Structure formats: C-alpha cells, structure tokens
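Asks:
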Amino acid sequence: ASTITWSSTNATSCTAGGAWSGAKATSGSVGTGTLTASQTYTLYCTGAGGNSATQSVTVSVGAAPATATLSASPTSIAYGAASTITWSSTNATSCTAGGAWSGAKATSGSVGTGALTASQTYTLYCTGAGGNSATQSVTVAVGAAPAPTLTFSASPTTVANGGSSTGTWSSTNATSCTASGSWSGTQALSGSASTGPLPGPANYTYTLSCTGVGGTISRSVTVAASAPVYTPGSTSYTGPGSYTFTVPPVVYALNIEAWGAGGRGGDGSASMQYQGYWTYTGGGGGGAGGYVKTTLPVSPGQTYTVNVGAGTTATTPYTVYGLWYGIAFGAQRGNSGGNSSFGSSIVAYGGGGGGMFGWAADGGGVNGAKGCSTLVDNGYGTLVPSGYSSVATAGVGGTAVGGTTNTTGAAGLKCNDGGSMYGSWSVGQPGAAGGAGVASLVNGVRYGAGGAGGNAYIGGSVAQSPGSAGGNGAVIISW
4 ASTITWSSTN ATSCTAGGAW SGAKATSGSV GTGTLTASQT YTLYCTGAGG
54 NSATQSVTVS VGAAPATATL SASPTSIAYG AASTITWSST NATSCTAGGA
104 WSGAKATSGS VGTGALTASQ TYTLYCTGAG GNSATQSVTV AVGAAPAPTL
154 TFSASPTTVA NGGSSTGTWS STNATSCTAS GSWSGTQALS GSASTGPLPG
204 PANYTYTLSC TGVGGTISRS VTVAASAPVY TPGSTSYTGP GSYTFTVPPV
254 VYALNIEAWG AGGRGGDGSA SMQYQGYWTY TGGGGGGAGG YVKTTLPVSP
304 GQTYTVNVGA GTTATTPYTV YGLWYGIAFG AQRGNSGGNS SFGSSIVAYG
354 GGGGGMFGWA ADGGGVNGAK GCSTLVDNGY GTLVPSGYSS VATAGVGGTA
404 VGGTTNTTGA AGLKCNDGGS MYGSWSVGQP GAAGGAGVAS LVNGVRYGAG
454 GAGGNAYIGG SVAQSPGSAG GNGAVIISW
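Per our numbering, the very first residue in the sequence shown carries number 4; after that it's consecutive.
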C-alpha cells in the first residue's frame, strides 16, 4: 500500500480521478490500500474565479513474490526405508531440485525417496515472474544400519579318533563371511561343511566372521576328537607282488612272519647210456623257502614295503648229448623261488630249484649239491663207474635274515631218495619229491613248499614229466 497526500491554495473544490474518485477536500491524505498493480492517482482542483489545477501521481507496484513450501513424511526413517517429499509454491513460474535430488520439478507435487541408507537433504528452488525466488529444504534422517546376525553350530561336537563333524551356519544383514581357526577361506552367507577326518586326541576350533554395513560378528564352535583306541588285528599277504603297509593308530610293535617261495622241481628225464640200455631219472625236488619271525618296533603311520615271492614255474634249459651212443633228452632244471620281505632288513629267501638228471650235474639251483655217481653197464655185462651223475640233484632250502627266528627251508629230495635206476626200455621210475614247507599250516596253507620233481617213464616211447611249481611265499603281520 501507499499514501496519497495533497494540498491546494485558492481552491474552492477538488475532485479525484484515475485510480481514485469522488470529491476530495482541498487538502488531505488517504491510503491506497493493497495494490497488486501500478496505479495513477489524479486530483482536479477548481478556484473561485473558475480557474483549475490538475496533478497526477503514479504508485508503481512490483511483481508478486514467489513462495515455496517443502516437507517430508516421515522425516525420520529406519535404515533402508523410504519417505515421501511433498512441495507447493505460489507466484512461481519454475522450480528446480538440488541436494539429494535434482532436475526441473513442477511447481507443486510429491515424490518418493526410494530406500535410503544414509540421511539426505532435499532442496527446492522456485522462481517468480519478476525474477524473485524462494528456497526451501527438508532433511530425512536415516537410522543406523542393522548389525549382522550369525548362528553357527557343529554336530556332533565330540567324535572318535578319525571321525568327522558337520558345521552349519546362517547369517542376516551380512555381505561376506570368512573362516578362520581350523578352517579357512571365504564362505557362503549360509551353508554347511564337513570337517573331514579329525585325528585325536585334539580339540579343533572353527571360527566364522560375517561382515555387513552394520558391523562384523564372529562365532566359534569346537569339536573334540578323542584319543585313538588300540584294536588288535592282522594283515596277510599271500599273493605274489609288492604292497605298502601302513602302521595302524596306537600300534608300536608288529609281529612279522615271512616265508620265501619254494623252488620249482626239476623235470624227469631219460638218457641212453649204451645201445639198448637207458638211465631214466626223476627230477630233483625244489627247496622250501626260508622262514623268518620277529617283533619290530614301529610308530603309527609309518609305511613299509612288503614283497611276497612267487613260487616259480620257470626253468633253465639244460640238454646234454653224451659220448658215443649216449643221448640225453631235453629235460630242464627248476628255478629258485622268489624272496619275501618286510621293509629292507627282514627277508625270507626263496628255495632253490630242483635239477634234472645229472650228466655233468647242474647243482639243482642255488647252492644245490651235485648228484650221486652210479655204475653203468660197459656194454659187456660189467658195471663200471659212469663218471656222470644219473640222479637228479635237489634244490636247497632258502635262508632267512632279520628275525629273532631265522629258519632255513627244507631241501628237496635227491639221489636215491627220489629214485633213479638203470634198466630196460619198458621200466618207469617216479621223480623225486619236492622239499616240504618249513612251518605248520597257516590258514590251511603251508607257505613256500618246494615243488616236486617230475617223473621219467619208458614204455614204448619216451615221456618226460615236468617238475611242479614251488609254493608262493607269504608275509603275515599282526599287532
């Protein structure tokens, strides 16, 4: 509003015009009231002689000011919640957002904030037609982030030696979980995992830490593994080959028995000494494998190599062609049996192989003795020393080392034990028997027995029987 003031001299009357009207005193003042636009006020005054005077005044009114209101509902929210921003304005031609929001806005309206994880301030700038402006701000306060939660358990919490447990966990408000203690690495936010075998006696502590915006939480569980319990037992290795033996828990001494394999028996054979006369000889028996027995101090978890010797079926060719009319058919001597062992120091050696008939006697395998000499017909009905052995030699028994008991295997039968004789075309003679096994039967088997010698038969034709294979060795471990 404005105040209009006037005065006159020598005037008898005044009249208003323009933004006001009516008769006015020759002097005075009056308020314009509220103006929303510029106004011109005119005053006409007349004197006694009829002359007049006119005056005008203009009150200029500026543009209406812009106003704005801005509010949030609610103004305080929980972490991750949302609020609504509402605004209005008067005399504004445009509004622009600032702070936590941006861009041109209508002169009135509302909008959601979306989920908020921190306090935010929203500002609104509104401008009127005359260039004036109004600014309003409102802040939405956001509460603290919730702390993560974690549950962690193990089942069972007590296990036997070598047993396992399962850990189970779940978390909320966490973004990552990490294991420590008896396990390690990044873990899922929820899940389960096995501990695997746990040797005892020992306690195993598993810790899980989960982290979120609201902090970190840790939980631990402990699994107790009890001490191992001694359990008597035994292991038998009876098939030829190489094996690995691991000492069981709580075992500090092993009882070990080992048998070497038996040697193969020699082949039966026939030889023509003089025209019409034959010497026919059964093969020598193979020697039995050696035997070793001992108690060995050990520690749980140690490993040892175990070898079991094979009762050989192999032979060594030995064919002799004699002087004058002498012919030896192609018999063969047996080879030695394989060795059996535990580790590097406990060994039961295989028995020697049996020999075939002894023209220039072959010894019958390892350390075998030469065969016996016999008399033969000189072609004129007189028996004279032949100078050759007509009896197959036998294999000797294998020896043993490394034990408190080391027993050499029995030798095979040889010479006249097994039988060899000089005679005519139509007579047959059995071969020598193989050497016997060393020890008593174990699980119904006599390990490492020597193979029997082969038989020789003369009866219209010559047939020579092969010697038998030696028995396999064995290693038996008990605790």
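The C-beta atom is built at its ideal place from N, Cα and C for all residues, glycine as well.
Please read all numbers here as calculations on a predicted model, not as lab measurements.
Just curious, the beta strand (DSSP E) that Thr208 is in, first and last residue?
Replies: Note, Thr208: beta strand (DSSP E), 205-215.
Asks: To the nearest angstrom, how far is it from the Cα of Gly165 to the Cα of Ser239?
Replies: Their backbone Cα atoms lie some 24 Å apart in a straight line.
Asks: Within this structure, are the beta carbons of Pro252 and Pro231 separated by less than 7 Å?
Replies: It is a contact, given that the beta carbons lie within the stated cut-off.
Asks: Considering only C-alpha positions, which residue in the set Ile480, Gln42, Gly25, Ala19 is nearest to Ser5?
Replies: Taking only the C-alpha atoms, the option nearest Ser5 is Gln42.
Asks: For a test of the three-state rule: what should DSSP assign to Asn258, helix, strand or coil?
Replies: Three-state DSSP puts Asn258 in a strand.
Asks: CB Gly340 to CB Gly354, shorter than 7 Å?
Replies: In this structure, Gly354 lies closer than 7 Å to Gly340 by Cβ.
Asks: Locate the beta strand (DSSP E) running through Val62, then write down its first and last residues.
Replies: Segment 55-62, the beta strand (DSSP E) holding Val62.
Asks: Taking the beta strand (DSSP E) that Ser76 belongs to, which residues open and close that run?
Replies: Looking at the DSSP string, the run of the beta strand (DSSP E) that includes Ser76 is 70-76.
Asks: Helix, strand or coil, according to DSSP, for Ala230 in the structure here?
Replies: Three-state DSSP puts Ala230 in coil, outside helix and strand.
Asks: Taking the alpha carbon of Ala313 as the point to measure from, which residue in Ala291, Val350, Pro243 has its own alpha carbon closest?
Replies: The residue with the shortest Cα to Cα distance from Ala313 is Pro243.
Asks: Terminal residues of the continuous beta strand (DSSP E) containing Pro300?
Replies: Taken as a continuous stretch (DSSP letters only), the beta strand (DSSP E) holding Pro300 covers 294-300.
Asks: Would you check if the distance between the CB atom of Pro151 and the CB atom of Ala177 is smaller than 7 Å?
Replies: Against a cut-off of 7 Å, the Cβ pair of Ala177 and Pro151 comes out as a contact.
Asks: Could you give the C-beta distance for Thr267 and Thr315, rounded to a whole number, given that I count them as a contact under 8 Å?
Replies: Here residue 267 turns out to be Arg, not Thr, going by the sequence shown. Yes, Arg267 and Thr315 are in contact; Cβ-Cβ is about 5 Å, under 8 Å.
Asks: From which residue to which residue does the beta strand (DSSP E) around Thr409 run?
Replies: Residue 409 is actually Asn in this sequence, not Thr. Its beta strand (DSSP E) spans residues 408-410.
Asks: Taking its Cβ as the centre, do 16 or more other Cβ atoms sit within 10 Å of Gln190, making it buried, or is it exposed?
Replies: Classification of Gln190: buried, given that the 10 Å Cβ count is 16 or more.
Asks: Where does Asn338 land, buried or exposed, given buried means 16+ other C-beta within 10 angstroms?
Replies: Asn338 should be labelled buried.
Asks: Check for me: the beta strand (DSSP E) holding Trp9 runs from which residue to which?
Replies: Residues 6-9.
Asks: Going by DSSP in three states, Ala331 sits in which element: helix, strand or coil?
Replies: Unreliable placement is indicated for Ala331, whose pLDDT of 46 sits below 50; no coordinate value is reported for it.
Asks: Quick one: what's got a C-beta closer than 6 Å to Thr171's C-beta in the same chain, skipping five residues either side?
Replies: Once the five neighbours on either side are set aside, the close Cβ partners of Thr171 are Ser156, Ser195.
Asks: Taking buried to mean at least 16 other C-beta atoms within 10 Å of its own C-beta, is Gly102 buried or exposed?
Replies: That one is exposed.
Asks: Rounding to the nearest angstrom, what Cα-Cα distance links Ala452 and Gly292 in this structure?
Replies: So the alpha carbons of these two residues sit roughly 7 Å apart.
Asks: Using the rule of at least 16 other Cβ atoms within 10 Å of the residue's Cβ for burial, across every protein chain shown, is Thr510 buried or exposed?
Replies: An answer regarding residue 510 cannot be provided, because it is not within the stretch 4 to 482 covered by the chain.
Asks: Please classify Asn475: is it buried, with 16 or more other beta-carbons within 10 angstroms of its beta-carbon, or exposed?
Replies: Buried, because 16 or more other Cβ atoms sit within 10 Å of the Cβ of Asn475.
Asks: With three or more beta-carbon pairs closer than 8 Å as the criterion, would you say the stretch 66-83 touches the stretch 45-52?
Replies: Because the criterion of three Cβ pairs below 8 Å is not met, the stretch 66-83 and the stretch 45-52 do not touch.
Asks: Val141 lies in the beta strand (DSSP E); which residues open and close that run?
Replies: Here the beta strand (DSSP E) through Val141 covers 136-145.
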